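Under the working numbering, the first residue of the sequence shown carries the number 550, and numbering increases by one thereafter. Think of the CB as a built atom: it goes at the ideal place given N, C-alpha and C, for glycine as much as any other residue. Keep in mind it's a predicted model, so treat the numbers as computed, not measured. A quick write-up on the structure given underneath.
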Amino acid sequence: MTERRDRLLPTRLVLRRDRRRRLEQGHPWIYRSEVERVEGPLAPGDLVDIVNHQGAFLARGYANPRSQIFARVLTYRQGEPVDVAFFVRRFEQALEYRRRFHPQALAHGRAVYGEADYVPGLVVDRFGEVLVVQVLTAGMERLFPEVLKALVEVYKPAGVLARNDVPVRALEGLPLVVEAVYGEVPDVVDVIDNGLEFSVDLREGQKTGYFWDQSENRAAIRPLMTGWRARRALFGGDPGLHDGAHVLDCFCHTGAFAVHALHYGAAHVTAVDISADAVELARQNARRNGVSDRAEFVVANAFDYLRERDAEGARYDVVILDPPAFAKSRQSIESATRGYKEINLRAMRILRDGGFLVTASCSYHMSPDRFRETVLDAAVDAHKVLRVVRDARAASDHPQIAGAPEQHYLKFLIYEVRSRR
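Now the structure itself:
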């Protein structure tokens, strides 16, 4: 690092002449390899001005010399103060966006989505009167006192819980903690998703407690759940006694997809998860929505369960696969690809002809194209032809910057599956 002569000026990141113009396309990250030099003192989380190789101002953000993502953009306005008023504006803009495109999130859903809401390193989920926040970077940790004041001013919550227990914080040199930072926060809250009620464990549940990113995709399974007597007959099968679908939901977690399927008319859902605690919560969620009489909940490894059902010759109208991220790093992509292929292959083998495969990947390192290709490879081995019903991403309360493809972490596909034999 080089020292600037005038200490009254902000520290500057001077970018390399030969870098890709990702920042100008809206990408909010500056990688270490893009930085030519640092002019001025720099500690983790410090605010910096980002300039091109000629010294022209590009953006203001915060930096962490310990991270491969060297800086993250907060604003494109030169000299704009990053204070409570700044975050109030950002949160009011986030509210307006959700009021227009995803009204459910005004009470239940993702309130603030990091880089896509121009507050990198900050995630806020709303559970009625309670906010759950995740602070993912050293820069946002430094700014959190201002952030918290703005959250209270804009959202007026009864309580704010910091779920700062995600491993990415360790990469930023930050501790892993879970703590109430404002007001009173219960352990379990009730939320509404597409008109259905779910209990959410805020302190122990995965991520912030509930997967809001699949909300619109859960609603999209409605057309798959009824009309099956006629459909089975059309595809040469036994029409059966029930017009509703027979569904297998693997990696069910706390039952969100299973409860939606039953609410939309499924005749029976078998929901499987390796976590006994998650399965118990799924069972409770089915009861509270009045659909538990058509549900079976199984504690099992989904890979093993799919193999067993395949060996037994079981058949379903719909199979839902919504696993946790298999690819935790670039190095694990190959093994993750094998895992995705295995579960999708087994799912296709136990689907009736004309059945529907609902499959998802939330692995950040698995690109949309690679995920589609993996499912298609499974179809080749299963002697199936796939017709695309839905090719989607995260719900509208999880927006994406056009110049930042890394934000497209959730891939969600619905296929009609037909036999080639």
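Residue interval of the beta strand (DSSP E) (run including residue i)
i	result
PHE760	First-last for PHE760: undefined, no H or E at that position.
PHE846	844-848
ASP798	795-799
VAL717	That residue, VAL717, is in no beta strand (DSSP E); its alpha helix (DSSP H) goes 717-720.
TYR865	865-870
GLU976	Only positions 550 to 970 of the chain appear in this structure, which leaves residue 976 out of reach.
TYR662	657-662
ALA820	817-822
ASP739	737-742
For residue i: DSSP bridge partner residues
i	result
ILE618	TYR580
GLU965	PHE905, ARG936
VAL679	PHE676, GLY708
ARG561	GLU588, ASP598
GLU728	ALA711
ARG609	ASP598, THR624
ILE770	None; ILE770 has no bridge partner.
ALA941	PHE961
VAL684	LEU671
Alpha-carbon spacing of residue i relative to residue j, whole angstroms
i	j	result
GLY804	ARG858	20 Å
ALA678	CYS801	Going by the sequence as given, residue 678 is Glu instead of Ala. Between GLU678 and CYS801, the C-alpha separation is close to 26 Å.
VAL633	LEU962	40 Å
GLY904	VAL966	6 Å
TYR662	TRP761	11 Å
GLU702	ILE618	31 Å
MET915	ALA711	28 Å
ASP787	VAL738	43 Å
THR551	TYR580	With a pLDDT of only 48 at THR551, under 50, the local geometry of the prediction cannot be trusted, and no value is derived from it.
LYS756	GLY785	44 Å
GLY814	SER748	22 Å
ARG864	GLY793	14 Å
ARG554	ARG565	For ARG554, the predicted model reports a pLDDT of 40, less than 50, meaning its position is unreliable and no value from the coordinates is stated.
GLU765	ASN743	8 Å
LEU894	LEU692	47 Å
GLY588	PHE606	The amino acid at residue 588 is misidentified as Gly; the sequence shows Glu. Rounded to the nearest angstrom, the two C-alpha atoms are 14 Å apart.
VAL868	GLY754	24 Å
LEU562	TYR854	53 Å
MET689	ASN713	12 Å
GLY888	SER881	11 Å
SER824	ALA849	8 Å
PHE920	ASP930	16 Å
ALA656	GLY839	23 Å
ALA835	GLY670	35 Å
ALA928	GLY862	18 Å
VAL740	LEU783	40 Å
ILE899	SER582	48 Å
VAL681	GLU883	34 Å
GLY628	VAL600	13 Å
GLU573	ALA816	52 Å
ARG586	GLY604	12 Å
TRP578	ALA953	9 Å
HIS812	PRO873	24 Å
Range covered by the alpha helix (DSSP H) that runs through residue i
i	result
HIS809	805-812
TYR646	633-650
ASP826	825-837
LYS890	882-899
GLU1013	A question about residue 1013 goes unanswered here, because the residues of the chain that appear run from 550 up to 970.
THR775	It is not in any alpha helix (DSSP H) - THR775 carries neither H nor E in the DSSP assignment.
PHE852	851-860
ARG921	917-931
Own chain partners of residue i with C-beta closer than 8 Å, once the 5 adjacent residues on each side are dropped
i	result
SER968	ASP902, HIS932, LYS933, VAL934
SER878	HIS914
GLU695	VAL631, ASP632, VAL633, PHE635, PHE636
LEU725	ASN713, ASP714, VAL715, PRO716, ARG718, ALA719
Neighbourhood of residue i by C-beta, 6 Å cutoff - its chain only, sequence neighbours within 5 removed
i	result
ALA779	none
ALA851	CYS799, PHE800, VAL821
GLY732	ALA707, GLY708
ASP946	ARG647, HIS651, ALA654, GLY658, ARG659
ARG638	none
ILE950	GLY575, ALA665
THR819	LEU797, GLU845
LEU959	ASP762, CYS911, ARG942, ALA943
PRO948	ALA665
VAL847	VAL821
ALA699	VAL633, PHE636, VAL637, PHE640
ALA608	ILE599, VAL622, TYR625
Min CB distance residue i to chain C below 8 Å
i	result
ARG561	Looking for chain C here will not work: only one protein chain is present.
Neighbourhood of residue i by C-beta, 7 Å cutoff - its chain only, sequence neighbours within 5 removed
i	result
VAL924	ASN893, THR908, LEU962
ARG856	ARG895
LEU773	ALA794, VAL867, PHE905
GLY776	ASP792
> If you pair each beta-carbon of the segment 612-626 with each one of the segment 584-594, do three or more pairs fall below 8 Å?
Replying inline: yes
>> Across the segment 713-732 and the segment 671-689, are there enough close Cβ pairs to call them in contact, namely three or more that are closer than 8 Å?
In response: yes
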